[in-house]
Amino acid sequence: MSTVASRSLNKRLFVWSLSEIRQGQLWPVTIALILIIASIFALTALAERMEQVVVKQGKQALTADTVFISSNPIDPAFETLAEENQLTTSSQTRFGTMAFSDRGMKLITVKGVDSLYPLQGEMVLSDDQQSYSRVKPGELWLDERLFSQLEVSIGDAVTLGDGDFVVTGRIIEEPGLSFNPFQQMPSAFIHSGDIERTGAVQVGSRVRYSKYINGEQANIERLKQAVELTPSDRWRDQNSASRTNEVFQRTQQYLSLTVAIVVIMAATTLVLTCQHYVTTRRKTIAMLKSLGASKKWLVRWLLVQVTILLVAAGIFGVALGVVLEHLLRIPLVDLLPSPLPSYGLKPIVISVATSLLIAVPALGIPLIGLTNVSAVNVMQPKAELNTTKARYWLVLVPIIPMLFTYYDNLLVWIVLGGIVALFFVLALVSVLATKALSSAPLGAAFKLALSRINRSLLATGIQFGALALSLMLLSTMWLVRTDLLTDWQRTLPKDAPNAFALNIAPYEKDAYLKVLDDNHIERSEDYPIIRGRLVNINGVDAKERAQGEEASDALRREINFTFASGIPSYNEVVEGKWKQSGGVSVEADVASDLGLDIGDELEFVINSVNVKAKVNSIRQVEWRDMKPNFYFIFTPDVLKNIPATYLVSFKIEQSDDSLLNQLSRQHPTVSLMDIRVMGAKIQELLAQIVWSITLLAAIGVLSGLLLIFTLLRLSLGQRQDEIQLYRTLGASKKRVEQTIWAEYGLMALVAGVIAIIGSEMVVGAIMLFGFDLSPQFHWWLWILLPMGTFFTLALVVNSLINRLLTPVNKAFS
């Protein structure tokens, strides 16, 4: 064959392939592949950037890669070990002392740091002329609040303990602020070389020594192994640095879950579309073979079609992925590192490779079978395909890489396990439901529809199971998003307290609370605060309950206790019952970590006094509400002889700033902490993440609707010959149309209800085991899902109804 003839043949083959794609209903394959590529591309690129956010935010909160914290002075040998492991270190000594000026005094937190602090993060200091990022010997930098509380200006003298200092400037931004408000007091920075001048660090003083460490992770691990921890020592890394990491981690889990569901639904669309194509093209292939077309030529023809589909999907999928990644990134612009690193070719490779792995069995299995159709099928359409079952081994092509990719992702396996198990359950229940409906007193159209549905139980089960499963996946993805958002909204809710007053002396408590009440400030109950440590559990040293670095916080340090006549209304009692004497109520996580049960006897050391109490109840505490909460709440008789200060939380607005200054001047020893700025940042962070997962969920819904549309369209297409035969035999258009609507209305109703039940079960398992959250009931789903299904059904039926109602003799005239 000449070159010109070959080119002409190839051109005709290409044009014919394009026509076959369009007429053979293969366009859903391209759309499904585009969705797969776009979703995986966007999520791969965004996941890398979000990972940088999580690590960066955690390390900046720590101001280092890792921090070693101790209640005792850190041995100089620690510094030697760090140097041997090529690690950079910086030190901070934190203690409380009184600050005095000519016109006021205040209990503050002093942080003595060296000239390298902070190793990571940003500290901004200002003398109203220029900004600085390091503390030098002889300098004193004050929290903005202290200027009004002590009534001082830059250049004024302030005494810290026994040492006199001159105010150098103000702290504009401090790195590593803790999320826990109960550990916050107004801060002052001095150089570590000036700590001795204050005379505040003595034997028995409450001091926290921190060693900030930067370096390679392997070197840090060697240092950790070389250091023997005492009960007062602990390590902190980015995984424990910030509670907002929990939000990031759950977001990443949801991203993985959504991608998995999108891929599953799009892959199912591929399989269904290809199976339908094979069914409708058997006669065409058989006719071509009877006319002399070789199997080699047919394979080439099909490969041209597949190549066109894959190339088009690759181009449009990557383009859509770039747009989608940009849209997902817009709300996170303030969180992502700047400048953004290039994501390179990795997202393209991963997304295209994934779509190819899925396409191999989805397209390969049915098309290989199609090429083996015998020419006899022209005369005998039911003739068996001349093929072996070896082609089904192609399903391992995507499964094996998936095992390596998601082997440690519990959420994905919960969904996959639910898919496999629930498909059979949904199919069986659907068949039983339609069988039960057949005996109900229904109209003629419904009777005929049920007769057609129940004619082939296997086909009905597969059809109903696939439809119910696709509806379940779609609703599962949206419900998980909704439940996550509901849980995140509890992080600093709008009515949460945003100011805390601590260290209120008993003699000034009533006066302090009266100022709040007179100004109509919404406040909490006032709680007595006593610091102490848990030492024994049922006569056994409590340290034996500790499990290394993961030990409960209740054993690692002194903590705040309180006593009350009852349990706060916002704490839920999950076990036991509050008693009025001799008891203590324990927070649920602490009780779980320490293996505590009702009736266990606990011994505490409080102000050098040993105190015993029996566990009378266990409480569930929501710490994110920012209300006063405690690990241990005692009955009043247990702590009646131990002096306490008081704590109260309240909500303030910007208009109350003058009131805060008034309280600070009238009660200089009270530690007043305003967390409005921190709360606003957290709320902004949550709003940004909500946007991202909502946009991604919308992509998932689109893929789900495509699958449902394909299922209904293929199912309705399979009825075409039968419906046209009814019309040819004289059945009225109205009667056939009523039967179609009745059949698919029943299908949508039964599949929808079963899908709702299945999604509630799967979502409950995901929230409980994947996110460690309580399952919720979604009453609105029982309304919206059937409505959405009927809407999709209407689109499908209306798009095909005229062609289906055309009698056979007219169809071929």
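Here the sequence shown stands for residues 1 to 813, numbered as in UniProt numbering.
For glycine and all other residues, C-beta sits at the position ideal for the given N, C-alpha and C.
Pair within 8 Å by beta-carbon distance, residue i and residue j
i	j	result
ASP194	PRO137	yes
ALA466	SER430	no
GLY161	THR109	no
ILE598	GLY576	yes
VAL611	VAL638	yes
LEU142	ILE172	no
SER90	ASP75	no
THR789	LEU442	no
PHE634	VAL573	no
LEU450	LEU437	yes
ARG222	ASN85	yes
VAL535	PHE604	yes
TYR254	THR93	no
VAL515	ASN571	no
Opening and closing residue of the beta strand (DSSP E) in which residue i lies
i	result
ASN536	527 to 537
LEU659	Looking at the DSSP string, LEU659 is not in any beta strand (DSSP E); the run it does join, the alpha helix (DSSP H), is 657 to 666.
GLN129	No beta strand (DSSP E) contains GLN129, which DSSP labels as neither H nor E.
LEU602	601 to 606
ASP233	233 to 237
SER565	Run containing SER565: none; DSSP gives neither H nor E here.
GLN776	Counting along the chain, GLN776 falls outside any beta strand (DSSP E), and DSSP gives it neither H nor E.
MET673	671 to 674
GLU575	572 to 576
ILE618	609 to 620
Nearest candidate by alpha-carbon position, reference residue i, set the options
i	options	result
ASN661	LEU302, VAL124, SER148 and SER617	SER148
VAL167	GLY161, GLY155, THR159 and LEU160	GLY155
TYR406	VAL311, VAL259 and PHE464	VAL259
ALA270	LEU639, ASP657 and ALA32	According to the sequence provided, residue 270 is Leu. The question's Ala does not apply to it. Ranking LEU639, ASP657 and ALA32 by Cα distance to LEU270 puts ALA32 first.
residue 814	TYR254, ARG206 and GLY369	Residue 814 lies beyond the stretch modelled for the chain, which goes from 1 to 813, so this question has no answer here.
ILE308	ARG281, GLU228 and ILE34	ILE34
ILE261	TRP413, GLN305 and VAL540	TRP413
ILE606	PRO668, ILE529, SER655 and MET626	ILE529
LEU396	ALA427, LEU357 and LEU416	LEU357
LYS224	GLN129, VAL67 and ALA427	VAL67
ASP128	GLY169, LYS106 and THR284	GLY169
ALA362	GLN463, PHE563, TYR392 and ILE348	TYR392
THR289	PHE630, SER671 and ASN372	A small fix is needed here, since residue 289 is Lys in this sequence, not Thr. Looking at the Cα atoms, ASN372 is the closest of the given residues.
LYS211	ALA218, LEU324 and ALA82	ALA82
VAL263	ALA359, THR792 and LEU327	ALA359
Cut-off 7 Å between Cβ atoms - residues of its own chain near residue i, not counting five sequence neighbours on either side
i	result
GLU174	MET123 and SER187
residue 814	No information on residue 814 is available, as it lies outside the stretch 1 to 813 that the chain covers here.
GLN275	PRO366
GLU151	SER101, ARG103 and GLY104
ILE348	PHE41 and VAL318
8 Å CB neighbourhood of residue i in its chain, flanking five on each side removed
i	result
ASP526	ILE504, LYS509, LEU513, TYR646, LEU647 and VAL648
ILE350	ILE40, PHE41 and THR44
ILE453	THR434, THR460, GLU743, LEU746 and MET747
THR230	SER70 and ASN72
ASN519	ASP656 and LEU659
LEU596	ILE537, VAL586, VAL590, LEU602, VAL615 and ILE618
SER664	LYS106, ARG145, SER148, GLN149, VAL670 and LEU672
Continuous alpha helix (DSSP H) stretch holding residue i: start and end
i	result
ASN72	Element bounds for ASN72: n/a, residue is neither H nor E.
VAL590	588 to 594
ALA218	217 to 226
TYR507	506 to 518
ALA362	346 to 371
GLU196	195 to 198
Contact set for residue i: own chain, Cβ-Cβ below 6 Å, skip 5 residues either direction
i	result
GLN547	Confidence at GLN547 is low in this model, with a pLDDT of 49, below 50, so its placement is unreliable and the value that follows should be read with caution. Nothing listed; no residue qualifies.
VAL797	none
GLN446	The identity of residue 446 in the sequence shown is Phe, whereas the question assumes Gln. Hits under 6 Å: ALA742.
GLN738	ALA445
PRO181	Model confidence at PRO181 stands at a pLDDT of 40, short of 50, so the residue's coordinates are unreliable; what they give is reported in the following sentence. The answer, listed in chain order, is PHE500, MET673 and ILE675.
LEU87	ILE213, GLY215 and ASN219
VAL207	PHE95 and VAL201
PHE561	ILE530, GLY532 and PHE632
ARG145	PRO186
* To do: Please list the segments of the beta strand (DSSP E) lying wholly inside the region 405 to 473, counting only runs of 3 or more residues, in order along the chain.
  => none
* Which runs of the alpha helix (DSSP H) spanning at least 4 residues fall entirely within the region 113 to 176, listed in chain order? -> 144 to 149
* Pick out the complete alpha helix (DSSP H) segments inside the region 260 to 292, 4 residues or longer, and give them in chain order. => none
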